[in-house]
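>
Numbering (this note's numbering), first residue to last: 15 to 348.
1) Identify whether residue 162 lies in helix, strand or coil by the three-state DSSP scheme.
2) With distances taken from CA atoms, which of 319, 318 and 296 is nearest residue 312?
3) Need the endpoints of the beta strand (DSSP E) that residue 325 sits in, please.
4) With a Cβ-Cβ cutoff of 7 Å, do residue 155 and residue 133 count as a contact?
5) Over the uninterrupted beta strand (DSSP E) stretch that includes residue 290, give me the two end residues.
6) Could you check how far apart the C-beta atoms of residue 251 and residue 213 are, in whole angstroms? I think they sit under 8 Å.
7) Where does residue 311 sit, in a helix, a strand or coil, going by DSSP?
8) Expressed to the nearest angstrom, what Euclidean distance is found between the alpha-carbon atoms of residue 101 and residue 184?
9) Using the beta-carbon count (16 or more within 10 Å), is residue 341 buried or exposed?
10) Thinking C-beta only, is residue 261 closer than 7 Å to residue 142?
11) Measuring CB to CB, does residue 288 end up less than 7 Å from residue 254?
12) How long is the line joining the alpha carbons of residue 232 and residue 271, rounded to whole angstroms?
13) Can you round the beta-carbon distance between residue 110 and residue 338 to whole angstroms, since I take them to be within the 8 Å contact cut?
14) If contact is defined by three or more beta carbon pairs under 8 Å, each pair taking one atom from either stretch, is the stretch 111–130 in contact with the stretch 265–285?
15) What does the alpha-carbon distance come out to for the pair residue 230 and residue 268?
16) Is residue 92 helix, strand or coil when you go by DSSP?
17) Do you know whose CA, among 293, 308, 163 and 281, lies nearest residue 325's CA?
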């Protein structure tokens with residue numbers, strides 16, 4: 015446990031078969047949770063702390079997630095919004111910088127060092143993942159069946175036919191975070207290219223809905239509907255998140271239709287969060303490897319992810335991590 019150690023009112027409720035798992039959020043900036051497991055008759059089995067604080071919240075498999083309206087969703091001030099714009103711009107610039115270096119024969123360890131040096135020496139900022147609860151590198155590189163949190167490695171060289179997600183989070187000198195990820199196709203792979211395209215479309219379709227008054231479930235439904243219409247599944251074990259001075263803040267952004275009615279909060283101007291759908295060719299289920307970080311598809315099928323940091327404005331959405339290669343003109347009419 016970190017921070018002041020005071021547990022807030024329960025912010026999540028999981029239901030799984032005959033067990034009820036009640037989770038109390040510890041700190042809106044961290045992923046540590048306290049939990050209690052109960053039998054269906056209400057008798058308590060155990061009480062403890064979640065042992066693996068991942069960079070995105072990881073839900074129990076098969077869980078029905080309820081995120082209560084009482085969660086502490088920060089509304090950014092005008093001053094904070096300007097700081098978030100700079101953080102988002104920096105995160106986007108890292109992905110733009112690294113793009114020409116992503117090619118067959120290059121190791122993910124080399125890509126990590128290039129990003130680290132650029133963030134520290136060119137931007138004067140910090141790579142937020144580095145040493146975050148022990149994560150050993152500055153970016154995440156997730157190849158083929160790796161869903162997220164892949165650890166860069168000098169021995170892991172890209173080859174033709176690979177698909178890879180690079181996930182970057184920058185913490186600026188002012189202390190604010192910008193978080194974004196994108197897919198890279200190494201050579202040619204028809205299946206990988208289609209999956210990557212549909213996953214980006216899932217992100218864009220949800221982004222187009224962002225405006226005050228829209229509920230979180232509407233974003234999730236748009237993602238899940240488009241993924242399933244194309245024969246794919248949506249990862250349920252990881253989610254998007256609020257972002258600001260904290261790497262992870264409320265709200266938690268599900269990418270599938272898992273919100274209970276009482277948990278389905280409305281968006282409001284000034285909220286900042288990420289949408290980062292993870293879409294699989296096969297089954298939606300995942301598992302985490304022994305390193306405690308690398309999440310993979312359970313059936314070893316391909317997976318893809320795209321991510322942006324977003325600001326809810328009075329009339330719609332501002333994409334804080336927009337890259338110069340993107341055509342976001344569809345948002346003008348959203």
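We treat Cβ as the ideally placed atom computed from N, Cα and C, and that holds for glycine.
Remember, it's a predicted structure, so these values are computed and weren't measured experimentally.
Inspection of the coordinates gives the following:
1) strand
2) 296
3) 322–326
4) no
5) Where residue 290 is concerned, there is no enclosing beta strand (DSSP E), given that its DSSP letter is neither H nor E.
6) The Cβ separation is near 16 Å, so there is no contact.
7) strand
8) Cα to Cα, residue 101 sits roughly 7 Å from residue 184.
9) exposed
10) yes
11) yes
12) 8 Å
13) Here residue 110 really is in contact with residue 338; their C-beta atoms are around 6 Å apart, less than 8 Å.
14) no
15) 8 Å
16) The answer is helix: DSSP assigns residue 92 an H, G or I state.
17) 281
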